[in-house]
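Here's the structure we're looking at; comments come further down.
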Amino acid sequence: MYNHQSEHAIVKMCDVLGVSTSGFHDFKNRLEQGETEREKYDRELDQAIQRIFYESMETYGSPRVHRTLLDEGYKVSEKKVANHMRDLGLQASTPVLFKSTTNSNHSLRTYENKVNQEFDVEAPNQLWVTDITYIRTLEGFIYLNTIMDMFSRKIISYRMDDSMTVDLTLNTLKEAIALRQPGKELVHHSDRGSQYCAQSYINVLRDREIDISMSRRGNPYDNACMESFFGTLKKEYLHRYVFETKEQAMLAIHFYMRFYNRRRKHSGIEYMSPNVYEVAYQKTNDKFAFAD
176 MYNHQSEHAI VKMCDVLGVS TSGFHDFKNR LEQGETEREK YDRELDQAIQ
226 RIFYESMETY GSPRVHRTLL DEGYKVSEKK VANHMRDLGL QASTPVLFKS
276 TTNSNHSLRT YENKVNQEFD VEAPNQLWVT DITYIRTLEG FIYLNTIMDM
326 FSRKIISYRM DDSMTVDLTL NTLKEAIALR QPGKELVHHS DRGSQYCAQS
376 YINVLRDREI DISMSRRGNP YDNACMESFF GTLKKEYLHR YVFETKEQAM
426 LAIHFYMRFY NRRRKHSGIE YMSPNVYEVA YQKTNDKFAF AD
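The sequence shown begins at 176 in my numbering and counts up by one.
Shown next as structure tokens:
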């Protein structure tokens, strides 16, 4: 209508298109006067929200988007961010329940639960938690073993294999020890799976004087942090795809692990990423220096 106002009567065009003349004149005035400061701010805010959302691989809801905006210098409320995300049709993936792969039907020695669902610690290398999950591909399953430091929620080591063997967990543990060089104050917490009760695995823990803790039988809350991580990994990222090959799934997991440690904001660590949280700790504790 605006482009054709010199050719046709405005009243007639409004009547044909079902638009009020007052509405057209309001539009015309805004167009000719340019954006208001509020309109410009809202447009730029929408662009920033969309950028942050898609950079997070569509995993961030309004709380994490809001914290990222604050980090970038925006002065905006979480409610406003939530409203803009709703208007833009942006909705984060929500975690799913994690299905355990634990096989505790074995005759190997198990150990008492020394953590008792108390996962908060004051420094790195005080509590590591570990677990195994599976990822489906058209070639079959792959199994992922991870070790998380509960101080920063960082995945300090992970390995993948075609089967749930002791080698899978043992190699993950050895890598974590090599990277972090933990002291005697460390507690290692797992479920009662045979891979964690295997003598070769226990020997490595004992040689390093690492305290051993295991979940009670049939109580998933005893290792809730790892189960929550796997649920997040699958719902936020893996469940979007059908992996034709195991190699595709492994590459996707490598990609997510880098994103998780380096960029994903975690509500339990002041909405920082695990790496950023550890760097902040290192600035006041020089003896800790970890690999990226």
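Heads up, the beta-carbon is just placed ideally off N, CA and C, and yes, glycines get one too. Bear in mind that the values here come from a model prediction, so they are computed numbers and not experimental data.
Presumed contact (8 Å Cβ cut-off) between residue i and residue j, rounded CB distance
{"i": "methionine 260", "j": "isoleucine 224", "result": "6 Å"}
{"i": "leucine 302", "j": "methionine 335", "result": "At roughly 24 Å, the Cβ-Cβ gap does not stay under 8 Å, so leucine 302 and methionine 335 are not in contact."}
{"i": "arginine 355", "j": "isoleucine 331", "result": "6 Å"}
{"i": "valine 290", "j": "histidine 364", "result": "5 Å"}
{"i": "glycine 443", "j": "arginine 328", "result": "6 Å"}
{"i": "threonine 308", "j": "leucine 319", "result": "5 Å"}
{"i": "leucine 244", "j": "isoleucine 227", "result": "7 Å"}
{"i": "arginine 381", "j": "isoleucine 352", "result": "Contact flag wrong, Cβ pair sits at about 12 Å."}
{"i": "arginine 218", "j": "serine 231", "result": "21 Å between Cβ atoms; not a contact."}
Counted within 10 angstroms of its Cβ, other Cβ atoms place residue i as buried (16 or more) or exposed
{"i": "glutamine 370", "result": "buried"}
{"i": "leucine 390", "result": "The residue asked about is misnamed: residue 390 is serine in this sequence, not leucine. Label assigned to serine 390: buried."}
{"i": "alanine 267", "result": "buried"}
{"i": "threonine 196", "result": "exposed"}
{"i": "serine 448", "result": "buried"}
{"i": "phenylalanine 418", "result": "buried"}
{"i": "leucine 265", "result": "buried"}
Other residues of its chain near residue i: CB distance less than 6 Å, five sequence neighbours each side excluded
{"i": "glutamine 315", "result": "Before going on, a small fix: residue 315 reads as glycine here, not glutamine. Answer for glycine 315: no residue qualifies."}
{"i": "asparagine 450", "result": "Asn436, Arg437"}
{"i": "phenylalanine 294", "result": "Met325, Cys400"}
{"i": "isoleucine 317", "result": "Ile310, Met335, Lys421, Ala424"}
{"i": "leucine 361", "result": "Asn300, Ile385"}
{"i": "tyrosine 446", "result": "Arg242, Lys440"}
{"i": "alanine 257", "result": "Ser237"}
Neighbourhood of residue i by C-beta, 7 Å cutoff - its chain only, sequence neighbours within 5 removed
{"i": "aspartate 221", "result": "His259, Leu263"}
{"i": "alanine 298", "result": "Phe326"}
{"i": "asparagine 288", "result": "Ser388, Met389, Ser390, Arg391, Asp397"}
8 Å CB neighbourhood of residue i in its chain, flanking five on each side removed
{"i": "methionine 323", "result": "Trp303, Val304, Thr305, Lys329, Ile330, Ile331, Cys400, Met401, Phe404"}
{"i": "threonine 420", "result": "Thr312, Leu313, Glu314"}
{"i": "threonine 347", "result": "Thr305, Asn320, Thr321, Ile322, Ser332, Tyr333, Arg334"}
{"i": "aspartate 129", "result": "This structure leaves residue 129 out entirely; the chain is present only between 176 and 467."}
{"i": "methionine 432", "result": "Ile330, Tyr333"}
{"i": "leucine 283", "result": "Ser369, Cys372, Ala373, Gln374"}
{"i": "tyrosine 456", "result": "Ala298, Pro299, Phe326, Ser327, Phe463"}
{"i": "tyrosine 249", "result": "Leu220, Ala223"}
_I want to know whether the stretch 366-377 touches the stretch 334-342 - three or more CB-CB distances under 8 Å._
yes
*asked:* For the structure I just gave you, are there three or more beta carbon pairs, one from the stretch 408-421 and one from the stretch 342-358, closer than 8 Å?
replied: no
*Only counting runs of 4 or more residues, tell me where the alpha helix (DSSP H) segments fall wholly within the stretch 206-258, in order along the chain.*
212-230, 237-246
*For the stretch 357-417, list the beta strand (DSSP E) runs that are entirely contained and at least 3 residues long, ordered along the chain.*
362-365, 386-389
*What are the start and end residues of each continuous alpha helix (DSSP H) run of 4 or more residues lying completely inside the stretch 435-461, in chain order?*
449-457
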